[in-house]
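The structure appears below as structure tokens.
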Amino acid sequence: MNKVVQLKWNLLIGLVIIGINLCWIWDNLYLLYQYHNANIFFFFMYPDWALVSNSVLGLVGATTGILTVFDKLTIKKGISVCVFLIASGIVIKSISVN
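For any residue, its number in my numbering is found by taking its place in the sequence shown, counting from 1, and adding 84.
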């Protein structure tokens, strides 16, 4: 594949990975904020440790996206790490519920 085309794909995939992980971080930290600072009754709540650990996994995923953008990590490895981190976060949330 041409080097310019490869760099464009790295940029596109890396930005998508960064965007997904930033949304994931925002969702978890916003829930943590709402649990402690709102007068809302939540029928179902995740523990704080699950939300914080998912936010940390999101930071690792965003770092993976940055490494993919700068061609330090291949697209295949970047996507597989992102999928693994999201699956780990889902497992953490499902374990914390039980």
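All C-beta atoms in this analysis are idealised placements derived from N, C-alpha and C, irrespective of residue type, glycine included. Predicted, not measured: the structure shown is a model, and the values here were computed from it.
By the Cβ neighbour-count rule, V165 is buried, with 16 or more other Cβ atoms within 10 Å of its own. As the crow flies, the alpha-carbon of W93 is around 26 Å from that of S139. Between I97 and T148, the C-beta spacing is not below 8 Å. The Cβ-Cβ distance between G145 and I101 falls below 8 Å. Proximity to A171 across L99, N105, N86, V88 peaks at N105, based on C-alpha coordinates. With at least 16 other beta carbons inside 10 angstroms of its own, L135 counts as buried.
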